[in-house]
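Residue numbers (the UniProt record's numbering): 1 to 684.
See below for the structure under consideration.
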């Protein structure tokens, strides 16, 4: 028996998903996260999860995990003291940015704190021209002087970013060599290694973030590797990237900036696989945790990659799944603003003390408390009985809020749910309506600990016809680790018109990227029959500020390739903006290549339909407050693990399982499909 295990380390819980390759059996487990040392919680989760199935760490055939270490270190500014070396005259670029105000009409808007203070930003004489040719050679003596000065400041990491360094790496390579001689123990991040693309400020910001997080990630990975070795793990563990793929620990330690969306990305990967199995091509994912909701759009079964994102105020140029996040989760705190209006989030109660109903000392009501008051959540215990809750405390906290609003306690609790649902709907409109997609053409896939709890009302808000609740929604991000491949992304900028003159440079560019991919395949030990490479190109109309990604056909780069690129760009532009500009010159910007090492994945078999009657799965009945009736309504409670394929549940009803609770509204039905997904639909 060979087990594969995926671990998703979140802010509140660490989720574990185990899959038996031989039988297809899936087991899940949760433990409390350990923010002071996440590796401790991960190891505990692995050990306890294996104990539940009677297995040993030495029997594992795969271990992958997603982490929020880099993200949290950036949010909480817990990186290391970092120095910066730039071209002469560019010392303040990190602060100047693009001279954009973050909020145009906000008189009190503040920029995020700089990760490198001005006294630690040093400039050296050197200059490359726009085409990468050397205009002024690097002054090595001046560089060495600045490095020695930074050594006296006790910096733990150094970022190097020279003008046009992505076109000619010579000067940055020389700088890297000098730093290694002078400061051998300092983490070094060079822009051509981290983000070899045009746009100076974004490349600089990404390089600085990578340096700032590097030693933090290295310490974390070292501790985790030691702990996993201690429990007898034999296979090389993998870590999730923001692009949905996994990489080895060594690569993750060198490029921590590529893990800032490590956690939510694998949930999207799992949703993609489940949607394909179940026959749903167009899906909007809805992942709700303790502090936030992450949403993504999958068209024809694919979630688009984006090459650039703003992560908590810091521009990052790295490949990542196009996931939008809003501060609306189970722990989001409800409050009354200065105008007397009810607001929910973005402040969160976190894991400790958590919601009021946990009884750990919190007094401010959260979304979870509102659900406890309404009894959509079990008012006695959650997590399959492992955690007791205090409804009386939740009622008291919501009552205090109700007194401020002049409402009764149930109206206030329902108001909290309505407000957070509106926040979630707004996030989905950003990735759908604002980009030319109609949510009604998509199914909503709900997961995370609180996704299925809110999915029915959210679908109604957006007029979406179907909701998919996977078998293990609370641990879907962990499951996604068992459904993904090893992945790396490579890019090179080629700013030129889409014409015959570009054929040679484009061919040479992809040849260069294929060489980098080949080196990566060798480093990761990926056999030739498991290697896959996919090409795309970022394109725009001449004069536009931003680009659209277009697939590049396989084979040699020819005039026919460029015709296909033109057609693909126009189709993408029509989808995003609703028009094309006939005769307007089209410009190539960045060539990209995705390298994937195909790995054996968890496989799920369809089961035989067993009939519509779900009564064998009913374990209880309780009064649940339904806004539609403005009162408590008797609702049957079903155990998810007892539901069988073909069972049909008539709403109102509650479906409970260890990792989440699903609410089925009065006008809905829930049907269990052959893959044990629960499909919610409005009654005909």
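Where is the CB? At the ideal position from N, CA and C, for every residue including glycine.
All values derive from a computational prediction rather than experimental measurement.
Terminal residues of the alpha helix (DSSP H) in which residue 577 lies: Here residue 577 corresponds to residue number 577 of the chain shown, with the count starting at 1. Element bounds for residue 577: 559-577.
field: Terminal residues of the beta strand (DSSP E) in which residue 324 lies
entry: For the purposes of this step, residue 324 is taken as residue 324 along the chain shown, with counting starting at 1. Taken as a continuous stretch (DSSP letters only), the beta strand (DSSP E) holding residue 324 covers 324-326.
Residue 481 versus residue 381: straight-line alpha-carbon distance, rounded: Sequence index remark: in the chain shown, residue 481 carries index 481 (1-based). Sequence index remark: in the chain shown, residue 381 carries index 381 (1-based). Separation of residue 481 and residue 381 (C-alpha to C-alpha, rounded to the nearest whole angstrom) is 29 Å.
field: Backbone CA spacing between residue 510 and residue 533 [nearest angstrom]
entry: Residue mapping note: residue 510 aligns to position 510 of the chain shown, counting from 1. Residue mapping note: residue 533 aligns to position 533 of the chain shown, counting from 1. Looking at the two C-alpha atoms, the distance is approximately 11 Å.
Assumed close pair residue 487, residue 595 - CB separation to whole angstroms, cut-off 8 Å: Here the question's residue 487 lines up with position 487 in the chain shown. Here the question's residue 595 lines up with position 595 in the chain shown. Right, the Cβ-Cβ distance comes to about 7 Å (below 8 Å), so this counts as a contact.
field: Whole-angstrom distance between residue 421 and residue 119, CA atom to CA atom
entry: Residue 119 sits at position 119 when you count from the first residue of the chain shown. Residue 421 sits at position 421 when you count from the first residue of the chain shown. Their Cα atoms are separated by approximately 46 Å.
- prompt: Could you give the C-beta distance for residue 655 and residue 640, rounded to a whole number, given that I count them as a contact under 8 Å?
  reply: The residue labelled residue 655 in the question sits at position 655 within the chain shown. The residue labelled residue 640 in the question sits at position 640 within the chain shown. Confirmed, about 5 Å.
- request: Select from 615, 14 and 243 the residue whose C-alpha is nearest the C-alpha of residue 45.
  value: As a first step, residue 45 is located in the chain shown; it is residue number 45 there, counting from the start. With distances taken between Cα atoms, residue 45 lies closest to 14.
- prompt: What are the start and end residues of the beta strand (DSSP E) that includes residue 316?
  reply: As a working note, residue 316 is residue 316 in the chain shown. Run containing residue 316: 314-316, per the beta strand (DSSP E) assignment.
Contacting residues, own chain, Cβ-Cβ under 6 Å from residue 194 (five flanking each side not counted): Position 194 of the chain shown, counting from 1, holds the residue named residue 194. If we look at residue 194 and ignore the five residues flanking it on each side, its Cβ neighbours are 206, 207 and 210.
- request: Please work out which residues of its chain come closer than 7 Å, Cβ to Cβ, to residue 687, disregarding the five sequence neighbours upstream and downstream, and give them in chain order.
  value: The requested residue 687 is not part of the displayed model; the chain covers only 1 to 684.
task: With a threshold of 16 other CB atoms inside 10 Å of the CB of residue 89, please say whether the residue is buried or exposed.
output: Counted from its first residue, the chain shown places residue 89 at position 89. Exposed is the call here.
message: Suppose the cutoff is 6 Å on Cβ atoms and the five residues either side in sequence are ignored; what does the same chain contact list for residue 144 look like?
response: Counting from 1 along the chain shown, the entry for residue 144 is found at position 144. Result list for residue 144: 178, in chain order.
message: Can you check which of these residues, 196, 157 and 612, is closest to residue 185 by C-alpha distance?
response: As a working note, residue 185 is residue 185 in the chain shown. The residue with the shortest Cα to Cα distance from residue 185 is 157.
task: Go ahead and pull the three-state DSSP assignment for residue 341.
output: Residue 341 sits at position 341 when you count from the first residue of the chain shown. Reduced to three states, the DSSP call for residue 341 is coil.
Expected contact under 8 Å - CB spacing of residue 367 and residue 416 to nearest Å: As a first step, residue 367 must be located in the chain shown, where it is residue number 367. As a first step, residue 416 must be located in the chain shown, where it is residue number 416. Contact between residue 367 and residue 416 is confirmed by a C-beta separation of about 6 Å, below the 8 Å threshold.
field: Coil, strand or helix - residue 347 by DSSP
entry: For the purposes of this step, residue 347 is taken as residue 347 along the chain shown, with counting starting at 1. Here residue 347 carries a strand assignment [DSSP, helix/strand/coil].
task: Determine the direct distance from the alpha carbon of residue 127 to that of residue 165, and round the result to whole angstroms.
output: Numbered from its first residue, the chain shown carries residue 165 at position 165. Numbered from its first residue, the chain shown carries residue 127 at position 127. Answer to the nearest angstrom: the Cα atoms are 9 Å apart.
query: Is it true that the stretch 449-460 meets the stretch 421-432, where meeting means three or more beta-carbon pairs spaced less than 8 Å apart?
result: Taking a contact to require three or more Cβ pairs closer than 8 Å, the stretch 449-460 and the stretch 421-432 qualify as touching.
- prompt: Which whole runs of the beta strand (DSSP E) in the stretch 588-633 are 3 residues long or more, in chain order?
  reply: 618-626
- request: Pull up the distance between the alpha-carbon of residue 68 and that of residue 499, whole angstroms please.
  value: The residue labelled residue 68 in the question sits at position 68 within the chain shown. The residue labelled residue 499 in the question sits at position 499 within the chain shown. Going from the Cα of residue 68 to the Cα of residue 499 covers about 44 Å.
task: Locate the alpha helix (DSSP H) running through residue 183, then write down its first and last residues.
output: Locating residue 183 in the chain shown gives position 183, where the first residue counts as 1. Careful: residue 183 lies outside any alpha helix (DSSP H) and carries neither H nor E.
- prompt: Do you know offhand how far residue 444's Cα is from residue 286's?
  reply: Counting from 1 along the chain shown, the entry for residue 444 is found at position 444. Counting from 1 along the chain shown, the entry for residue 286 is found at position 286. Their Cα atoms are separated by approximately 7 Å.
query: Which full runs of the alpha helix (DSSP H) of 4+ residues lie inside the stretch 259-313, going along the chain?
result: Every unbroken stretch of the alpha helix (DSSP H) spanning 4 or more residues and falling wholly within the stretch 259-313 is given here in chain order: 262-278.
- prompt: Three or more C-beta pairs closer than 8 Å, one from the stretch 54-61 and one from the stretch 102-110: is that the case here?
  reply: no
message: Going by DSSP in three states, residue 8 sits in which element: helix, strand or coil?
response: Along the chain shown, read from residue 1 onward, the residue named residue 8 stands at position 8. Residue state for residue 8 is assigned as strand, using DSSP reduced to three classes.
- request: Note down, one range per segment and in chain order, each alpha helix (DSSP H) of at least 4 residues found wholly within the stretch 55-121.
  value: 69-75 and 93-96
- request: Tell me whether residue 362 sits in a helix, a strand or coil according to DSSP, three-state version.
  value: Stepping through the chain shown from its first residue, residue 362 is reached at position 362. If DSSP states are grouped into helix, strand and coil, residue 362 belongs with coil.
message: Alpha carbons only, please: which of 19, 269, 330 and 399 is nearest the one belonging to residue 376?
response: Stepping through the chain shown from its first residue, residue 376 is reached at position 376. If we check each option's Cα against that of residue 376, 330 comes out closest.
- request: Use the C-beta contact count for residue 217: other C-beta atoms within 10 angstroms, 16 or more gives buried, fewer gives exposed.
  value: Here residue 217 corresponds to residue number 217 of the chain shown, with the count starting at 1. The residue in question, residue 217, is buried, as its Cβ has 16 or more Cβ neighbours within 10 Å.
task: Taking residue 429 as the reference, give the member of 325, 598 and 114 with the closest Cα.
output: Numbered from 1 along the chain shown, position 429 holds the residue referred to as residue 429. The candidate whose alpha carbon is nearest that of residue 429 is 325.
- request: Please go through the same chain and pick out, in chain order, the residues whose beta-carbon is closer than 7 Å to the beta-carbon of residue 659, but skip the five residues on each side of it.
  value: Here the question's residue 659 lines up with position 659 in the chain shown. For residue 659, where only same-chain residues beyond five positions count, the Cβ hits under 7 Å are 28, 30, 449, 472, 473, 474 and 475.
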